[in-house]
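Accompanying notes for the structure given below.
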Amino acid sequence: MGRIGNITAFFGAADVLSNWHPCHFSYHEVAFTSTEQFTMYAKAMLFGDLDTASKILAASSPREQKRLGRAVRGFDNASWEGCRESIMFVGCREKFRQNAELAAVLRGTGSSVLVEASPYDRIWGVGLGETDPRLSDASTWQGLNPLGKALMRMRDVLFPQ
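Counted from 1, the sequence shown has number 20 at position 36 by this note's numbering; the numbering is strictly sequential.
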């Protein structure tokens, strides 16, 4: 994680705020190893693709989980867009509620704006890298940052000011 003014930028599995960061939590008696796995599993279940959901649970890496999530049968983008942020919020909620040491890192971000600084992801992040000077100006972001927004909502729920 890096700080630029009031922005906390994160990217990659080493960053606690990342979907790819390894962690253990459960939801409805299903065990997960990352919020990426949770999100891709929920995506498969949303569209009734039980086979892919099972493969996502068996996959050991977030990269493989993401690949499988992109192949969900019956996928409908409009339906997914209507649900994905709520699904992400639930995954973040369980990750931080069930892992006190990770929650402490989230709390430590204070009131900063949380930004997934992935130069490759304009869906969940801002489409800019951690060292991109445009990161400090939200008007230059290439994406909508829903992951960062979900994390800030979660921070407000867990640690009301």
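A virtual CB, placed ideally from N, CA and C, is assigned to each residue, including glycine.
Applying the 10 Å Cβ sphere with the 16-neighbour rule, what's the burial state of residue i?
i           : result
residue 67  : exposed
residue 101 : buried
residue 46  : buried
residue 42  : exposed
residue 0   : buried
residue 84  : exposed
residue 37  : buried
residue -11 : exposed
residue 95  : exposed
For residue i, which residues of its own chain have a beta-carbon under 7 Å away from its beta-carbon, when the five flanking residues on both sides are left out?
i           : result
residue 26  : 71
residue 146 : As shown, the chain starts at -15 and ends at 145. That puts residue 146 outside it, with no answer to give.
residue 33  : 56, 57, 58
residue 93  : -8, 139
residue -14 : -7, 114
Output yes or no for whether 8 Å exceeds the beta carbon distance between residue i and residue j.
i          : j           : result
residue -7 : residue 114 : yes
residue 89 : residue -9  : no
residue 75 : residue 23  : yes
Since residue i is in the beta strand (DSSP E), which residue starts that stretch and which ends it?
i          : result
residue -7 : -9 to -6
residue 74 : Here residue 74 belongs to no beta strand (DSSP E); instead the alpha helix (DSSP H) covers 61 to 81.
residue 98 : 97 to 100
Could you pull out every residue in the same chain whose Cβ sits closer than 6 Å to the Cβ of residue i, ignoring the five residues on either side in sequence?
i           : result
residue -3  : 4, 5
residue 31  : 56, 58, 59
residue 111 : 126, 127
Does DSSP put residue i in a helix, a strand or coil?
i           : result
residue 10  : strand
residue 184 : With the chain running from -15 to 145 in the structure shown, residue 184 is simply not present.
residue 16  : strand
residue 55  : coil
residue 118 : helix
residue 46  : helix
residue 35  : helix
Residue range of the alpha helix (DSSP H) that residue i falls in?
i           : result
residue 130 : 130 to 142
residue 123 : Here residue 123 belongs to no alpha helix (DSSP H), and DSSP marks it neither H nor E.
residue 89  : 84 to 91
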